[in-house]
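Visitor: For the sequence shown, this note's numbering assigns the number -9 to the initial residue and increments by one for each residue that follows. We put the CB at the ideal spot given by N, CA and C, even for glycine. This is the structure, below, for whatever I ask next.
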Amino acid sequence: MARQPYRFPQARIPERGSGVFGLTVRNAMAHRDSEMKEECLREDLKFYFMSPCEKYRARRQIPWKLGLQILKIVMVTTQLVRFGLSNQLVVAFKEDNTVAFKHLFLKGYSGTDEDDYSCSVYTQEDAYESIFFAINQYHQLKDITLGTLGYGENEDNRIGLKVCKQHYKKGTMFPSNETLNIDNDVELDCVQLDLQDLSKKPPDWKNSSFFRLEFYRLLQVEISFHLKGIDLQTIHSRELPDCYVFQNTIIFDNKAHSGKIKIYFDSDAKIEECKDLNILGSTQKNAQYVLVFDAFVIVICLASLILCTRSIVLALRLRKNLTNYDLCSIFLGTSTLLVWVGVIRYLGYFQAYNVLILTMQASLPKVLRFCACAGMIYLGYTFCGWIVLGPYHDKFENLNTVAECLFSLVNGDDMFATFAQIQQKSILVWLFSRLYLYSFISLFIYMILSLFIALITDSYDTIKKFQQNGFPETDLQEFLKECSSKEEYQKESSAFLSCICCRRRKRSDDHLIPIS
């Protein structure tokens, strides 16, 4: 039978006899009213906690929320794949240009970087030749490059390159007499070389006083210039090409004054909107299809998040010409992650599929407390390794690399290389490194990591027992069990179906059923 909403009686029951009888009648009416309201609350809560399938059987309404969620997953994942493939082209174009720039502007570049810098020079002649080589290559760029490159304007809106040198203010040095007299104030001198200056014959700029370097005072020489390029490989993917601005910097580092000048090359690429694109063929039509698909994805997402006004405003702002691939990838990747994780909510209605969710919920408090204690030990090893082994091991030079190295060791990665790379310059430090690494690996792999897994396994075993013998009932479930139709609810698979859902409810009763 479909339940009828409780309505208060209109007629007033007259009091008979004494005032005690009237009070008894009013108490009985109040008790009956309380029971009816309690019964309605139980039935509403039962319907609220039904799965989408049970709600469909009860009310014959299509679970459009679940369908919209699945459609959103398909659309957002498709868009993510498209963006990932496009981002691969962007990354490949940047990396290929960086390698090409090193071969173009670094004299004697072998194709392999030395440690964390590109190459090195060891004589004054090699240093001058490397500086002049980079400048001449910039001047002859259009005649030697294989790429779609052109000159770009710098911060001063000028086409050319900028050469700056840092050196101590003044001083004299006589190593043979062990004499040093130097002012450690650092001076910065810069010169701007335009294309006209580089085109002069003979090249007077080479003979200027600026390029007469005193290497005992010299700290570094920096050459910076801008180049522009167009990525044409996107045309093969039926996409519009992107325009790039490369901010290149070549640094000749002599701060150590060790007889070795390290040469660093850095290239920072920025994507800009091309001013004029005129491409014939199917690329333009394909771009229109992509815009239609993107618009459809936006509509699906807005339908799913219609109540999130702030998210809608931010999405509309992102519809402008945003060429920051890092920011776009963060937003798109995070949204796709949340979309897929959101499906777990629907799997939680089925007992056979919610083991992972229940295990994570049960083990999370214990795991967090355990990680807090283990983190203290981990930080202690991190600081100790940084201080003691930093001067003798590349992986312990700074806190970031130490933490990454120790995390790799916990997962059993790169163990032999970590042991082998320690420099044996100090026997005491070498012995300490062995004790340090053996104790850390033994403690974290054989004890801490095993206990961490044991916590999760214990929660999993508990959940399996609950699934076999029944979960402990909460206060809400105890409240729902007191329904007057308890026996009928236990016999049929769709309990609430027998109470209110087998028959269509009156339209006037819709406001009495909460909808999840």
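Taking buried to mean at least 16 other C-beta atoms within 10 Å of its own C-beta, is Ala82 buried or exposed?
Guide: Position 92 of the sequence shown, counted from the start, is the residue given in the question as residue 82. Exposed, by the Cβ-count rule.
Visitor: List the endpoints of the continuous beta strand (DSSP E) containing Cys154.
Guide: Counted from its first residue, the sequence shown places residue 154 at position 164. Element bounds for Cys154: Gly150 to Phe164.
Visitor: Nearest by alpha-carbon distance to Leu185: which of Thr224, Val392 and Leu131 is it?
Guide: The sequence position of residue 185 within the sequence shown is 195, counting from 1. Checked all of Thr224, Val392 and Leu131; the closest Cα to Leu185 is Leu131.
Visitor: Take every Cβ of the stretch 100 to 112, pair it with every Cβ of the stretch 138 to 147, and state whether three or more of those distances are shorter than 8 Å.
Guide: Verdict: no, contact absent.
Visitor: Near Gly161, which residues of its chain fall below 7 Å by C-beta distance, leaving aside the five closest residues on each side in sequence?
Guide: The count along the sequence shown starts at 1 and reaches residue 161 at position 171. Taken in chain order, the residues that qualify are Asn171, Ile172, Asp173 and Arg207.
Visitor: Alpha carbon to alpha carbon, how far is Lys454 from Leu58?
Guide: To locate residue 454, count along the sequence shown from 1; it is residue 464. To locate residue 58, count along the sequence shown from 1; it is residue 68. The straight-line gap from Cα to Cα measures roughly 32 Å.
Visitor: Can you tell me whether Leu328 is buried or exposed, with buried defined as 16 or more other CB within 10 angstroms of its CB?
Guide: Position 338 of the sequence shown holds residue 328. By the neighbour-count rule (16 or more Cβ atoms within 10 Å), Leu328 is not buried but exposed.
Visitor: For Glu394, report the span of its alpha helix (DSSP H) as first-last.
Guide: The count along the sequence shown starts at 1 and reaches residue 394 at position 404. Where Glu394 is concerned, the enclosing alpha helix (DSSP H) stretches over Leu389 to Val400.
Visitor: How far does the beta strand (DSSP E) with Lys218 in it extend, from its first residue to its last?
Guide: Numbered from 1 along the sequence shown, position 228 holds the residue referred to as residue 218. Lys218 -> beta strand (DSSP E) spans Leu208 to Asp221.
Visitor: Can you check which of these residues, Met26, Ile446 and Val419, is closest to Pro355 by C-alpha distance?
Guide: Here residue 355 corresponds to residue number 365 of the sequence shown, with the count starting at 1. Taking only the C-alpha atoms, the option nearest Pro355 is Ile446.
Visitor: Give me the Cα-Cα distance between Thr68 and Leu56, rounded to the nearest whole angstrom.
Guide: The residue labelled residue 68 in the question sits at position 78 within the sequence shown. The residue labelled residue 56 in the question sits at position 66 within the sequence shown. Cα-Cα distance, rounded: 19 Å.
Visitor: Hey, how far is the Cα of Thr372 from the Cα of Ala48?
Guide: By one-based count along the sequence shown, residue 372 stands at place 382. By one-based count along the sequence shown, residue 48 stands at place 58. Rounded to whole angstroms, Thr372 to Ala48 spans 59 Å at the Cα level.
Visitor: Note down, one range per segment and in chain order, each alpha helix (DSSP H) of at least 4 residues found wholly within the stretch 395 to 437.
Guide: The qualifying runs are 405 to 410 and 417 to 433.
Visitor: Short of 7 Å in beta carbon distance, which residues of its chain neighbour Phe434, apart from the five on each side in sequence? Order them along the chain.
Guide: Locating residue 434 in the sequence shown gives position 444, where the first residue counts as 1. The residues are Val400.
Visitor: Going by the beta-carbon positions, is the gap between Phe91 and Ser257 smaller than 7 Å?
Guide: Here residue 91 refers to the residue found at position 101 of the sequence shown. Here residue 257 refers to the residue found at position 267 of the sequence shown. It is a contact, given that the beta carbons lie within the stated cut-off.
Visitor: Among all the DSSP beta bridges, which residues are the ones paired with Ile261?
Guide: Start at 1 with the first residue of the sequence shown, and residue 261 comes out as number 271. BP columns for Ile261 point to Tyr234.
Visitor: Start and end of the alpha helix (DSSP H) containing Tyr99?
Guide: The residue labelled residue 99 in the question sits at position 109 within the sequence shown. Unbroken run through Tyr99: none, as it is neither H nor E.
Visitor: Which word fits Val211, buried or exposed, when buried means at least 16 other C-beta atoms lie within 10 angstroms of its C-beta?
Guide: On the sequence shown, residue 211 is found 221 positions in, with the first residue counted as 1. With 16 or more other Cβ atoms within 10 Å, it is buried.
Visitor: Can you tell me which of the three DSSP states Glu143 falls into?
Guide: Counting from 1 along the sequence shown, the entry for residue 143 is found at position 153. In the structure shown, Glu143 sits in a strand (DSSP, three-state: E or B).
Visitor: In this structure, what does DSSP give as the bridge partners for Thr239?
Guide: Taking the sequence shown and counting its residues from 1, one reaches residue 239 at position 249. Ser214 and Asp256.
Visitor: Entirely within the stretch 12 to 72 and at least 4 residues each: give me those alpha helix (DSSP H) ranges in chain order.
Guide: Correct list: 42 to 49.
Visitor: Would you mind sorting Ser449 into buried or exposed? The rule is 16 or more other CB atoms within 10 Å of its CB.
Guide: The residue you call residue 449 lines up with position 459 of the sequence shown. By the neighbour-count rule (16 or more Cβ atoms within 10 Å), Ser449 is buried.
Visitor: Report buried or exposed for Ser498, applying the criterion of at least 16 other Cβ atoms within 10 angstroms of its Cβ.
Guide: As a working mapping, residue 498 is identified with position 508 in the sequence shown. The predicted position of Ser498 is uncertain, since its pLDDT is 39 and thus under 50; a value taken from the coordinates is nonetheless stated next. Ser498 should be labelled exposed.
Visitor: Assuming contact is defined by CB atoms lying nearer than 7 Å, are Ala117 and Ile251 in contact in what I supplied?
Guide: Mapped onto the sequence shown, residue 117 falls at position 127. Mapped onto the sequence shown, residue 251 falls at position 261. In contact: Ala117 and Ile251 (Cβ atoms closer than 7 Å).
Visitor: Please name the residue, chosen from Glu33, Lys385, Ile134 and Ile431, that lies closest to Asp105 on a Cα-to-Cα basis.
Guide: As a working mapping, residue 105 is identified with position 115 in the sequence shown. Nearest of Glu33, Lys385, Ile134 and Ile431 to Asp105, Cα basis: Lys385.
Visitor: Determine whether the Cβ of Phe122 lies closer than 7 Å to any Cβ atom of chain D.
Guide: Included in the structure is just one protein chain, with no chain D present.
Visitor: For Gly249, count neighbouring Cβ atoms within 10 angstroms of its own Cβ and tell me buried if that reaches 16, exposed if not.
Guide: The count along the sequence shown starts at 1 and reaches residue 249 at position 259. The residue is exposed, with fewer than 16 neighbouring Cβ atoms inside 10 Å.
Visitor: Taking Cβ to Cβ, would you say Arg241 is nearer than 7 Å to Pro231?
Guide: Counting from one through the sequence shown, the residue named residue 241 turns up at place 251. Counting from one through the sequence shown, the residue named residue 231 turns up at place 241. Just to set this straight, residue 241 is Ile in the shown sequence, not Arg. No, the pair does not count as a contact, with Cβ atoms beyond the cut-off.
Visitor: On the DSSP bridge assignment, give the partners of Thr169 in chain order.
Guide: Translated into the one-based positions of the sequence shown, residue 169 becomes position 179. In the DSSP output, where bridge partners are listed per residue, Thr169 has Phe164.
Visitor: Expressed to the nearest angstrom, what Euclidean distance is found between the alpha-carbon atoms of His383 and Ala407?
Guide: For the purposes of this step, residue 383 is taken as residue 393 along the sequence shown, with counting starting at 1. For the purposes of this step, residue 407 is taken as residue 417 along the sequence shown, with counting starting at 1. Computed Cα separation, rounded: 11 Å.
Visitor: Within the continuous alpha helix (DSSP H) that includes Val111, where are the two ends?
Guide: Numbered from 1 along the sequence shown, position 121 holds the residue referred to as residue 111. From DSSP, Val111 is part of no alpha helix (DSSP H) but of the beta strand (DSSP E) over Cys109 to Val111.
Visitor: Taking only the alpha-carbon atoms, compute the straight-line gap between Asp23 and Lys36 and give it to the nearest angstrom.
Guide: Locating residue 23 in the sequence shown gives position 33, where the first residue counts as 1. Locating residue 36 in the sequence shown gives position 46, where the first residue counts as 1. Distance between the alpha carbons of Asp23 and Lys36: 20 Å.
Visitor: Hey, could you find the ends of the alpha helix (DSSP H) Gln127 is sitting in?
Guide: For the purposes of this step, residue 127 is taken as the residue at position 137 of the sequence shown. Taken as a continuous stretch (DSSP letters only), the alpha helix (DSSP H) holding Gln127 covers Gln114 to His129.
Visitor: Quick one: is Lys159 buried, meaning 16 or more other Cβ sit within 10 Å of its Cβ, or exposed?
Guide: Your numbering for residue 159 matches position 169 in the sequence shown. Exposed, since its Cβ has fewer than 16 Cβ neighbours within 10 Å.
Visitor: Considering only DSSP beta bridges, list what Val176 is partnered with.
Guide: Here residue 176 refers to the residue found at position 186 when the sequence shown is read from its first residue. Answer by DSSP bridge pairing, in chain order: Tyr158.
Visitor: Which term fits Val80, buried or exposed, when burial requires 16 or more other beta carbons within 10 angstroms of its beta carbon?
Guide: Working through the sequence shown from its first residue, we reach residue 80 at position 90. Answer is buried; the Cβ neighbour count reaches 16.
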